[in-house]
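Shown next, in structure tokens, is the structure this report addresses.
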Amino acid sequence: MRRDSFIKLAVVVVAVVTVFIFFIKPLAYSIRQGLDLQGGTHVVLEGVDTPQAQVTDDAMNRVVKILENRVNAMGLTEPVIQREGQRRIIVELPGVKDPDKAIEVLGKTAMMEFKDEDGNTVLTGTDLKDAREETDQQGQNLVALEFTEDGAQKFAELTAENVGRTISILLDGSVLTAPNVKEPITGGKAVITGNRSLEEAHNLALLLRSGALPVKVQIVETRTVGPTLGQDSKDKSEFAFTIGVGAVVLFMLLFYRVSGLVADISLMAYVLVLLFALKMLDATLTLPGIAGIILSVGMAVDANVLIFEHFKEEMRLGKTIRSSMDSGFKRAFVTILDSHLTTILASIVLFFFGTGPIKGFAITLGLGAVLSLFTATTMTQYQLKWLIASDIIHDHRLLGSSLFEEKAVKK
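Counting in the UniProt record's numbering, the sequence shown runs from 1 upward without gaps.
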């Protein structure tokens, strides 16, 4: 039993330390990074009153939703889109290689119109059901349009009344194409040709699909966050993380000795599991997110401190080491559970009511609280059980403070 317990403990310790040393940095760098770490584009948009549409609170909220649809469809990494004041919207686009194209898509009003030769608008973007980029058999890039039921009826009537004439398709007042109608089109579908590249067709389809902005917006500020600033933030974050974790490890070793070493091994495993979870969730790491991780590391250690303090109290009463450990975990569990649940609830509130960086902080803090609860109540406990069962600790001072010497402790 002693040998088996020692082997289990040794295998876990060696495995965790080895994985931590060789994989912590690659794992951390494999997680997507936000604007403050990898650089990107910062854009400020402002709503402008026009005779057709006045800027209102509801209109600006709808602009935010439409911009979110556009940016998400572009495949950009964890963008930040939030309101600032009554008329302004802040958009942060991490890792954008060509900010001009992204800005062009963001600022487009995307008002589509179908007009006959007399200049009458028969259909608008509200009659669209879907828009997708395609390439036909001749290799021509186009946008395939599908109308709503009401829009299909309007389009059929438009083409039936204009056979042999042209109809113009306009976007924000500019003519995209003006095809000649050869016959009525009753299928509720149409195409827009003239796109020079598939990317242009994709962007146009994206604009039409996400809908027109309800009010006019203009770009009032554009700022590019270069790799130098991002790297500086990253370096400082790594330094803060290293100092924080190092201080915690040293504290546990000084005050709890071998028990502290067990806690440090659990802490290494906790950090690895947390980073792996963020990777699997395809999360984006930002500076507030790193702050949440560092704070959750403190919570993980706090759980171990509670366990060890109860452990020592039980031993002072003259109980055996094994009995003291079991009682220590039972007594500490309720307190640990309460503190972690309150943190998780606070994280949930921050996530649903916060915006941008606050959500990143809430995600890492909440996830960290869940995982630290798991590692403190399982991994630390099993390591201590194997340590005690292996019977390699004969000086009780190695398990904590010298107060253990005040009473005889049974093995």
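Built from N, CA and C at the ideal position, the CB exists for glycine as well. Note that the coordinates shown come from a computational prediction; the quantities given were computed from them, not determined experimentally.
List, from N- to C-terminal side, the beta strand (DSSP E) runs of 3 residues or more that fit wholly inside the UniProt domain "SecDF P1 head subdomain" (120-215). Counting only runs of 3 or more, we get 121-124, 128-135, 141-147, 168-171, 174-177 and 189-195.
Can you look up residue 238 in the DSSP assignment and give me helix, strand or coil? helix
Limits of the alpha helix (DSSP H) - the one that residue 295 falls within: Looking at the DSSP string, the run of the alpha helix (DSSP H) that includes residue 295 is 287-316.
Quick check: what's the CA-CA separation for residue 154 versus residue 134? 24 Å
Do residue 48 and residue 218 have their C-beta atoms closer together than 8 Å? yes
Which word fits residue 40, buried or exposed, when buried means at least 16 other C-beta atoms lie within 10 angstroms of its C-beta? buried
Ignoring anything shorter than 3 residues or poking outside the stretch 31-60, list the beta strand (DSSP E) runs there in chain order. Correct list: 40-48.
Quick one: Cα of residue 222 to Cα of residue 35, how far? 14 Å
If you compare alpha carbons, which of 42, 72, 57 and 124 is closest to residue 93? 42
Round the Cβ separation of residue 297 and residue 267 to the nearest angstrom and send it over; I've been treating them as touching at under 8 Å. 7 Å
Distance between beta carbons of residue 259 and residue 308, contact taken as under 8 Å: 5 Å
My understanding is that residue 347 touches residue 369, with C-beta atoms under 8 Å, so please give their C-beta distance in whole angstroms. Residue 347 to residue 369, Cβ: 7 Å. Contact.
Using the Cβ count rule (16 or more neighbours within 10 Å means buried), how would you classify residue 242? exposed
Among residues of its own chain, excluding the 5 on either side of residue 5, which ones have a beta-carbon nearer than 7 Å to its beta-carbon? Cβ within range, chain order: 386, 389 and 390.
Under 8 Å between the Cβ atoms of residue 145 and residue 122? no
Just to confirm my understanding: we take residue 294, look at its own chain, exclude 5 residues before and 5 after, and list those with CB closer than 7 Å. What are they? Contacts found: 240, 241 and 244.
DSSP on residue 320, reduced to helix/strand/coil? coil
Extent of the continuous alpha helix (DSSP H) to which residue 93 belongs: Per DSSP, residue 93 belongs to no alpha helix (DSSP H); it is in the beta strand (DSSP E), 88-94.
By how many angstroms is the C-alpha of residue 236 removed from the C-alpha of residue 53? Approximately 46 Å, taken between the alpha carbons.
How is residue 81 classed by DSSP in three states: helix, strand or coil? Three-state result, residue 81: strand.
Does residue 92 come within less than 8 Å of chain C when only Cβ atoms are used? Protein chain content of the structure displayed is limited to a single chain, and chain C is not contained in it.
Taking buried to mean at least 16 other C-beta atoms within 10 Å of its own C-beta, is residue 182 buried or exposed? exposed
If you drop the 5 nearest sequence neighbours on each side, which residues of the same chain put their C-beta closer than 7 Å to that of residue 140? Within the same chain, residue 140 has close Cβ partners 193.
At what residues does the alpha helix (DSSP H) containing residue 364 begin and finish? Bounds of the alpha helix (DSSP H) holding residue 364 are 357-374.
Per DSSP, residue 112 is paired with what? 171
Reduced DSSP category for residue 221 - H, G, I as helix; E, B as strand; rest coil: Strand.
Could you pull the start and end residues of the alpha helix (DSSP H) that residue 387 belongs to? 380-390
Top-ranked residue by Cα proximity to residue 249, from 71, 304, 187 and 208: 304
Between the C-alpha atoms of residue 414 and residue 91, what's the straight-line distance to the nearest angstrom? A question about residue 414 goes unanswered here, because the residues of the chain that appear run from 1 up to 411.
Measuring only the C-alpha atoms, how far is residue 23 from residue 132? 42 Å
Does the stretch 283-291 come close enough to the stretch 319-339 to have 3 or more Cβ pairs within less than 8 Å? no
Could you tell me which residues DSSP puts in a beta bridge with residue 284? 32
Enumerate in chain order the residues of its own chain whose CB-to-CB distance from residue 96 is below 6 Å, with the five nearest sequence positions on each side excluded. 40, 41 and 102
With burial defined as no fewer than 16 other Cβ atoms inside 10 Å of the residue's Cβ, what is the status of residue 187: buried or exposed? Taking all protein chains shown into account, residue 187 has fewer than 16 neighbouring C-beta atoms within 10 Å of its C-beta and is therefore exposed.
Inspect the beta-carbon positions of residue 208 and residue 151 and report whether they are closer than 8 Å. The Cβ atoms of residue 208 and residue 151 lie no closer than 8 Å to each other.
Going by beta carbon distance, what residues of the same chain come within less than 7 Å of residue 160, once the five residues before and after it are set aside? 184
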